[in-house]
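Colleague: The structure follows.
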Amino acid sequence: MDNRAEVREFLTTRREKITPGDVGLPAGTNRRVKGLRRSEVATLAGVSVEYYTKLERGAISGASPEVLDSIAKALRLDDAERAHLFDLAHAASTVARPPRRRSPKCWTPHPSLQWTLDAVTAGPAFVRNGRMDLLAANALGRAFYKDTYDMPGQPPNIARFTFLDERAYAFYPDWDAFAEVTVSILRTEAGRDPHNKELHDLIGELSTRSGVFRRLWGAHNVRHHGTGFKTFHHSVVGEMTLAYEGMGLEAEPGLTLTIYAAEPGSPSAERMQLLASWVASEERASSAATVDEQRSKPST
103 MDNRAEVREF LTTRREKITP GDVGLPAGTN RRVKGLRRSE VATLAGVSVE YYTKLERGAI
163 SGASPEVLDS IAKALRLDDA ERAHLFDLAH AASTVARPPR RRSPKCWTPH PSLQWTLDAV
223 TAGPAFVRNG RMDLLAANAL GRAFYKDTYD MPGQPPNIAR FTFLDERAYA FYPDWDAFAE
283 VTVSILRTEA GRDPHNKELH DLIGELSTRS GVFRRLWGAH NVRHHGTGFK TFHHSVVGEM
343 TLAYEGMGLE AEPGLTLTIY AAEPGSPSAE RMQLLASWVA SEERASSAAT VDEQRSKPST
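Residues 103 to 402, numbered by my numbering, are exactly what the sequence shown covers, in order.
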């Protein structure tokens, strides 16, 4: 795969983020570049200027793990950025094989996975892919993301909801932070799975329809999104601050199981219980409506 532009932009944006003072170099005078010079990165990485220039121009295929690691250290990449650099090199390799990913259009959860999700009753639990499609969820997960499930098109997609649905601004009190995280997850996945047509189609759609997405996509930021806290404002029960844990599924590479939980005894826990009660009432109403419909049908 020809990903030279992606490699060039990623390395350039990382280099621009570091000042000479960050790495113990004198700033000097007549500095005409933002951040470090290529020659400074090359010196820090222990490679020639010519070789680093070649890499930054996108010719990363064939770079050894040792060289990549040296460049990662020189650019002070974090774990997610370092992994992204290695993913880009792997994608550029002429012998690399695209990772096997199942299309969300044909993937259905194994019954045991749905049973596992349904066993989580104290908070939302759901499975997503790197494209941020919601592929499976428990009852609280579907209720929690009810606005996402309401959007036209299948499967429901968190990224599309974030950037293309006005309700997202209310659902995410700190929308700017959520938008940055969302783009970073997609950028990470694009490096890891560069042959994914559905992912590229989504990126193209969001780039066309959202100026904010285009700006954030151009920053080339990546991240590992495994644990932390988030604050939401649900349209039914109000604001909740929830812990989240994301876990990769060994049986389904590329898929992530995420569980949200409220601190016991907190106002958020009370609101989560209210959401569970609302879900139960909606299910009872739906069941009653089904029974009434069956009774109203003429007998044959």
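From the three backbone atoms N, C-alpha and C, an ideal C-beta is built for every residue, glycine too.
Grouping DSSP H, G and I as helix and E and B as strand, with all else coil, what is Leu318?
Modeller: The answer is helix: DSSP assigns Leu318 an H, G or I state.
Colleague: Looking only at DSSP bridge pairs, what is Gly367 linked to?
Modeller: Answer is none; Gly367 lacks a bridge partner.
Colleague: Report the rounded CA-to-CA distance for Thr250 versus Asn259, giving the unit in angstroms.
Modeller: One C-alpha to the other measures close to 7 Å.
Colleague: Relative to the C-alpha of Gly350, which candidate in Ala129, Asn231, Phe273, Gly255 has its C-alpha closest?
Modeller: Selected option, being the one with the closest Cα: Asn231.
Colleague: Do you know how far the Cα of Phe280 is from the Cα of Glu341?
Modeller: Using only the alpha carbons, I get a separation of about 15 Å.
Colleague: Assuming Glu108 contacts Leu170 under a Cβ cut-off of 8 Å, what Cβ separation, rounded to an integer in Å, is found between them?
Modeller: With 8 Å as the limit, Glu108 and Leu170 do not qualify as a contact, their Cβ atoms being about 15 Å apart.
Colleague: So which of Leu376, Thr358, Glu307 has the shortest CA-CA distance to Ala224?
Modeller: Among Leu376, Thr358, Glu307, the Cα nearest to that of Ala224 belongs to Leu376.
Colleague: From the DSSP output, which residues share a beta bridge with Thr360?
Modeller: According to DSSP, Thr360 bridges with Phe228, Gly348.
Colleague: Could you check what DSSP says for His297 in three-state terms: helix, strand or coil?
Modeller: If DSSP states are grouped into helix, strand and coil, His297 belongs with coil.
Colleague: Measure from the alpha carbon of Leu237 to the alpha carbon of each residue in Ala221, Leu215, Pro254, Val222, then state which is nearest.
Modeller: Minimum Cα distance to Leu237 is reached at Leu215.
Colleague: Write down every uninterrupted run of the alpha helix (DSSP H) in the stretch 120-199 whose length is 4 residues or greater and which is fully enclosed by it, in chain order.
Modeller: Fully enclosed alpha helix (DSSP H) runs of 4 or longer: 140-147, 151-158, 167-176, 181-194.
Colleague: Taking the alpha carbon of Phe265 as the point to measure from, which residue in Pro211, Asn240, Arg317 has its own alpha carbon closest?
Modeller: Of Pro211, Asn240, Arg317, the residue nearest in Cα terms is Arg317.
Colleague: Between the Cα of Gln256 and the Cα atoms of Ser379, Glu118, Thr290, Glu300, which residue gives the shortest distance?
Modeller: Nearest of Ser379, Glu118, Thr290, Glu300 to Gln256, Cα basis: Glu300.
Colleague: Please state the DSSP three-state secondary structure of Ala353.
Modeller: Looking at Ala353 - three-state DSSP - the assignment turns out to be coil, as it is neither helix nor strand.
Colleague: What residues are listed by DSSP as bridge partners for Phe334?
Modeller: DSSP lists Met342 as partners of Phe334.
Colleague: Given that a residue counts as buried once 16 or more other Cβ atoms are within 10 Å of its Cβ, and exposed if not, what is Ser383?
Modeller: Its Cβ having fewer than 16 others within 10 Å, Ser383 is exposed.
Colleague: With a CB to CB cut of under 7 Å and the five nearest residues on each side skipped, what residues in its chain are close to Ala182?
Modeller: These residues qualify, in order along the chain: Thr290, Val324, Arg325, His326.
Colleague: Starting from the C-beta of Ser163, find all residues in its chain whose C-beta is less than 8 Å away, skip the five residues before and the five after it, and write them out in chain order.
Modeller: Contacts found: Ala191, Ala194, Ser195, Thr196.
Colleague: Taking the C-alpha atoms as reference points, what is the distance between Arg373 and Leu357?
Modeller: Each residue's Cα considered, the two are about 29 Å apart.
Colleague: Quick check: what's the CA-CA separation for Val381 versus Ala387?
Modeller: One C-alpha to the other measures close to 10 Å.
Colleague: Output yes or no for whether 8 Å exceeds the beta carbon distance between Met234 and Thr310.
Modeller: Not closer than 8 Å, so no.
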